[in-house]
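Peer 1:
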Amino acid sequence: SERCTNACPKHLDPVCAVSGDVSAATESGAVGEGVVYRYFHNDCLRRYASCSTGTVWRITSLSLCLKHVDPLVREQCLRPCPFIYEPICASNGKTKEIFGNSCILEVENCLSVDAWTLIDDSDCGL
1 SERCTNACPK
11 HLDPVCAVSG
21 DVSAATESGA
31 VGEGVVYRYF
41 HNDCLRRYAS
51 CSTGTVWRIT
61 SLSLCLKHVD
71 PLVREQCLRP
81 CPFIYEPICA
91 SNGKTKEIFG
101 NSCILEVENC
111 LSVDAWTLID
121 DSDCGL
């Protein structure tokens, strides 16, 4: 099995990815069983997530990541974050991830079911 590297560049170039049977997702955006959309800060982090979990994450339109978040939650969570790259390392208990800055982490925590907690930056290779 290939070794997964989380040595990802520390740049913010967001991608939206989808896992599951996307063919079951209709043109109207209705989602089939087991289809999950997830936002990644860059493509390298998407590839690492695919490798480390065995879940295939395929890139799709960024707008789809927002569309599949409950509108009320989205309204409460989304706020403009500064485009300042001050990377921080966080864990949801299953995986470690680098977030571009603390604002992005707060938005992610608000949007996702996983609670991300700050861990030592060295755990993410920062």
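Under the UniProt record's numbering, think of the first position of the sequence shown as 1, with each following residue one higher. Each residue gets a CB set at the ideal place from its N, CA and C atoms; glycine is no exception.
Is the beta carbon of THR60 sitting closer than 8 Å to the one on ALA17?
Peer 2: For THR60 and ALA17, yes; Cβs fall inside 8 Å.
Peer 1: Would you please state the rounded distance, in angstroms, between the beta carbons of LEU78 and HIS41? I believe it to be under 8 Å.
Peer 2: So it is not a contact: roughly 16 Å between Cβ atoms.
Peer 1: Taking only runs of the alpha helix (DSSP H) that begin and end inside the stretch 55-91, which ones reach a length of at least 4 residues, in chain order?
Peer 2: If we require 4 residues or more, the alpha helix (DSSP H) runs fully inside the stretch 55-91 come out as 62-67 and 71-77.
Peer 1: Do you know how far the Cα of PRO14 is from the Cα of ARG74?
Peer 2: If you take the alpha carbons of ARG74 and PRO14, they lie about 17 Å apart.
Peer 1: Measure the C-alpha to C-alpha separation of GLY20 and CYS51 and round it to an integer number of angstroms.
Peer 2: Spanning the two alpha carbons is a distance of roughly 15 Å.
Peer 1: If you count every other CB in all the chains shown that lies within 10 Å of the CB of SER122, and 16 or more means buried, which is it?
Peer 2: Exposed: under 16 other Cβ atoms inside 10 Å.
Peer 1: Shortest alpha-carbon distance to ILE104 belongs to which of LYS94, ALA7 and THR117?
Peer 2: Ranking the options by Cα distance to ILE104, first place goes to THR117.
Peer 1: Let's test the definition: count the other Cβ atoms within 10 Å of the Cβ of GLU27 and tell me whether it reaches 16, buried, or not, exposed.
Peer 2: The predicted position of GLU27 is uncertain, since its pLDDT is 48 and thus under 50; no value can be drawn from it.
Peer 1: Is the beta carbon of CYS89 closer than 8 Å to that of THR124?
Peer 2: It should be pointed out that residue 124 corresponds to Cys in this sequence rather than to Thr. Cβ distance < 8 Å, so CYS124 and CYS89 count as in contact.
Peer 1: What residue range is occupied by the uninterrupted alpha helix (DSSP H) comprising CYS110?
Peer 2: Unbroken alpha helix (DSSP H) run through CYS110: 102-111.
Peer 1: Rounded to whole angstroms, what's the CA-CA distance from GLU106 to GLN76? Just pull it up for me.
Peer 2: If you take the alpha carbons of GLU106 and GLN76, they lie about 12 Å apart.
Peer 1: Any heavy atom of the ligand NAP closer than 7 Å to the Cβ of TYR85?
Peer 2: No copy of the ligand NAP occurs in the structure displayed, which carries no ligand at all.
Peer 1: Kindly list the residues whose CB is nearer than 6 Å to the CB of CYS81, restricted to its own chain and excluding five residues on each side of it in sequence; keep chain order.
Peer 2: Hits under 6 Å: CYS103 and ILE104.
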